[in-house]
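> Taking full-length UniProt numbering, the leading residue of the sequence shown gets 1, the next gets one more, and so forth. Please find one structure pasted underneath; my questions will follow.
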Amino acid sequence: RSKIELGDVTPHNIKQLKKLNTVVFPVSYNEKFYKDVLEVGELAKLAYYNDIVVGAVCCRVDTSENARRLYIMTLGCLSPYRRLGVGTTMVEHVLNYVEKDGNYDNIYLHVQVNNTGAIDFYKKFGFEIHETKKHYYKRIEPADAHVLQKNLRPALTNGISINDYKPTTNHHKEDKKHPEKSDK
């Protein structure tokens, strides 16, 4: 049986990550990307299939939009090794990480609008198309990207997560605006 394992990204193997990303993705990543990847620990992993590097996942924590979100910057696998469980192993690693941490509102990523394979793949894990960004990519066609997002806790519409919601104490009083809501 073939074995799939995940390993840390280190200064010793970062070149393999660079090579892999060059082959897998139509966009290139700068030195800062790789410098940051070395700092994120469990959020960046190389995937090995029978001891060969065939994939990688790189994430970062994003605290924009008054939320704690995990952004999947890259998650890719060499095409001859697709459909063997490598991508699934990487996504499950990320999902286990955020679950153990318990402090994330959602996970999101960008995907080219025509990449139906990737879109269907992420939907299996509960990701949904959250929005579409026009002209997200600079030098590739189509330039538009879907933002795929998986919510990890139910959110209220005003950006406060349900975990922050405290019911008001005057709930025994009659609600004048909505008499049908009274306790009587």
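Ideal Cβ positions, reconstructed from N, Cα and C, are used throughout, including at glycine.
Less than 8 Å between the C-beta atoms of isoleucine 119 and valine 27, yes or no?
Residue numbering aside, residue 119 sits at position 119 when the sequence shown is read from its first letter. Residue numbering aside, residue 27 sits at position 27 when the sequence shown is read from its first letter. In this structure, valine 27 does not lie closer than 8 Å to isoleucine 119 by Cβ.
> Assuming arginine 69 contacts asparagine 106 under a Cβ cut-off of 8 Å, what Cβ separation, rounded to an integer in Å, is found between them?
For this step, residue 69 is matched to residue 69 along the sequence shown. For this step, residue 106 is matched to residue 106 along the sequence shown. That belief holds up - the Cβ atoms of arginine 69 and asparagine 106 are roughly 5 Å apart, short of 8 Å.
> Could you pull out every unbroken alpha helix (DSSP H) segment of at least 4 residues lying fully inside the segment 79-149, listed in chain order?
Counting whole runs of 4 or more residues, the segment 79-149 contains the alpha helix (DSSP H) stretches 86-101, 116-123.
> Please confirm whether alanine 67 and leucine 6 have their CB atoms less than 8 Å apart.
By one-based count along the sequence shown, residue 67 stands at place 67. By one-based count along the sequence shown, residue 6 stands at place 6. No, these two residues do not count as a Cβ contact at 8 Å.
> Tell me the rounded alpha-carbon separation between threonine 116 and proline 11.
Position 116 of the sequence shown, counting from 1, holds the residue named residue 116. Position 11 of the sequence shown, counting from 1, holds the residue named residue 11. Looking at the two C-alpha atoms, the distance is approximately 34 Å.
> If you follow the alpha helix (DSSP H) that valine 23 is part of, which residue opens it and which one closes it?
Counting from 1 along the sequence shown, the entry for residue 23 is found at position 23. Residues 14-24.
> What did DSSP end up calling tyrosine 34 once you bin it into helix, strand or coil?
Here the question's residue 34 lines up with position 34 in the sequence shown. Correct three-state label for tyrosine 34: helix.
> Note down the Cα distance separating aspartate 144 from tyrosine 137, rounded to an integer number of angstroms.
Stepping through the sequence shown from its first residue, residue 144 is reached at position 144. Stepping through the sequence shown from its first residue, residue 137 is reached at position 137. Rounded to the nearest angstrom, the two C-alpha atoms are 6 Å apart.
> Please report how far the alpha carbon of isoleucine 4 lies from the alpha carbon of tyrosine 49, in whole angstroms.
Looking up residue 4 in the sequence shown gives position 4. Looking up residue 49 in the sequence shown gives position 49. About 5 Å.
> Please classify serine 182: does DSSP put it in a helix, a strand, or coil?
Looking up residue 182 in the sequence shown gives position 182. Any reading at serine 182 needs caution, since the residue's pLDDT is 45, under 50, leaving its predicted position unreliable; the model's value is listed next. Here serine 182 sits in coil by DSSP.
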